[in-house]
Amino acid sequence: MKGKIKIHAELCKGCMYCIDTCPFGVIGIRKRFNKSGYFPAVAEHIEKCTGCAMCARVCPEIAIKVYREKKKPR
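Be aware that the sequence shown starts at 359, since it is given in the numbering used here, and climbs by one per residue.
In structure tokens, the structure reads:
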């Protein structure tokens with residue numbers, strides 16, 4: 359199953375819980391800080407995302423949304 363994540367950079371405080379939790383190495387840290395002065399998480403390897411939503415579950419700021427592609431009927 360393929361997934362897609364969206365990270366709200368202005369809500370992210372750069373705690374890196376999502377990075378540590380992602381089993382596929384999808385998420386990294388942006389090199390520019392956000393308006394609050396944090397270096398937020400960013401989806402770097404979206405092609406590896408399976409939609410497991412582990413990142414969203416551990417995010418204390420609720421800054422991550424996960425979407426799963428629906429399987430096409432045969």
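Glycine included, every Cβ here is placed at the ideal spot set by N, Cα and C.
Residue i and residue j closer than 9 Å at C-beta
i	j	result
ILE404	HIS366	no
Alpha-carbon spacing of residue i relative to residue j, whole angstroms
i	j	result
MET374	LYS364	15 Å
PRO398	ILE385	10 Å
GLY409	VAL424	6 Å
MET412	GLU368	20 Å
GLY395	ILE377	19 Å
GLU419	LYS429	30 Å
LYS389	ALA401	13 Å
GLU305	ALA414	Examination of residue 305 is not possible in this model, given that the chain is present from 359 through 432 alone.
Proximity winner among the options, relative to residue i (alpha-carbon distances)
i	options	result
ILE387	ARG426, ALA411, LYS371	LYS371
VAL416	CYS380, TYR396, LYS362, ALA401	CYS380
Supposed close pair residue i, residue j - CB separation, criterion 8 Å
i	j	result
LYS360	PHE382	The Cβ separation is near 12 Å, so there is no contact.
The ligand MG heavy atom lying under 8 Å from the CB of residue i
i	result
ARG390	Absent from the structure shown: the ligand MG. Ligands present: none.
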